[in-house]
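Okay, so the sequence shown: first residue is 1 according to full-length UniProt numbering, each after it adds one. Quick reminder that beta carbons are idealized off the backbone N, C-alpha and C, glycines included. Predicted model only: the values in this text are computed from it and were never measured. Heads up: the structure comes next, in structure tokens.
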Amino acid sequence: MMDGHEVTVVDNFFTGRKRNVEHWIGHENFELINHDVVEPLYVEVDQIYHLASPASPPNYMYNPIKTLKTNTIGTLNMLGLAKRVGARLLLASTSEVYGDPEVHPQNEDYWGHVNPIGPRACYDEGKRVAETMCYAYMKQEGVEVRVARIFNTFGPRMHMNDGRVVSNFILQALQGEPLTVYGPGTQTRAFQYVSDLVNGLVALMNSNVSSPVNLGNPEEHTILEFAQLIKKLVGSGSEIQFLSEAQDDPQKRKPDIRKAKLLLGWEPVVPLEEGLNKAIHYFRKELEYQANNQYIPKPKPARIKKGRTRHN
């Protein structure tokens, strides 16, 4: 919008929050539509960033069928929209398509190691079939597609009950609670700041690269190292508590981003500690907000413009 583009945000607020975008409401180039992508959407657009899906394990395990529908029927509907209006579609895929990888770091040619019936399968396999749909539409219907395989990302406006490691550790440290590490803490992750991801998505959308591209930070840390770093940055005296390891939790996660560097001229630039300090500041403010608002109602979508739907 700052560049003069008109932006339409489509959300059913299953995991998102109206508060995250309410500062744009009233802007002449902004429109917010309460709509679930499992129903067809009829709008006129040039580019589609298909970001819809629960992405944290607690959310997609809570409703695996909805997760599957969003990533299959929802993707089918967005591809249908792209075909009808001649738009380019970018799919927000995930590093989870690599599963618990046997190749390290993971590059785009790796096919993955995924349990198709495990507790994470609704998300992992949902994204894998979404990629398949994209390339089927590209080959058969000529739809322009871009596929971003997004690695662990964090930053302000994450939901406080997101359930992923960044929000968990920061909130636990701020509240003086034990930092819960599942398993021995030797699992590795590589965390990128949200602004780096946004820049990567825009670069990919506006590129000529139609094959999948990893977007992530190759700086790898163990979960235990990450817990200790957050304790230090918060200044917390919280203990670290080790719990049983989660089923099918990937043991290593690190992106090979040579393709993004070469073809997009993109790489993350925000240092980990700088990004974490911004996230800590945000969560501290959120805790203060909650303390001053004993009852915080969920966003009510009824007053927001409805997307037009058709039932076949």
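Under the criterion of beta carbons closer than 8 Å, T222 and T180 do not qualify as touching, at roughly 15 Å. CA-to-CA, the gap between V37 and F13 works out to about 11 Å.
Annotation: the continuous alpha helix (DSSP H) that includes S195 extends over 194-205. One thing to note: I117 has its Cβ no nearer than 8 Å to the Cβ of L81. With a cutoff of 8 Å on beta-carbon distance, L262 and S207 are scored as not near each other. Considered as a whole, the segment 22-108 harbours 30-34, 47-50, 88-94 as its complete beta strand (DSSP E) runs of no fewer than 3 residues, in chain order. Fully contained in the segment 144-231 are the following beta strand (DSSP E) runs of length 3 or more, in chain order: 145-150, 179-182, 188-190, 213-215, 220-222.
Per the coordinates, the alpha-carbon of Y193 lies some 13 Å from the alpha-carbon of Y282.
By the neighbour-count criterion, in which 16 or more other beta carbons inside 10 Å mark a residue as buried, N29 falls on the exposed side. In this structure, R157 lies away from L204, with their beta-carbon atoms at least 8 Å apart. Collapsing the DSSP output to three states places V269 in coil.
A distance of 8 Å or more separates the beta carbons of N214 and R189. The count of Cβ pairs closer than 8 Å, one atom from the segment 18-25 and one from the segment 95-107, stays below three, leaving the stretches out of contact.
In the DSSP secondary-structure assignment, H113 is bridged to G99. For Y110, the closest alpha carbon among the candidates K285, P271, V269, P255 is that of P255. Looking at the DSSP output, T8 sits in a beta bridge with E31. Using a C-beta cut-off of 8 Å, the segment 160-179 makes no contact with the segment 118-131, since fewer than three inter-stretch Cβ pairs fall below that distance.
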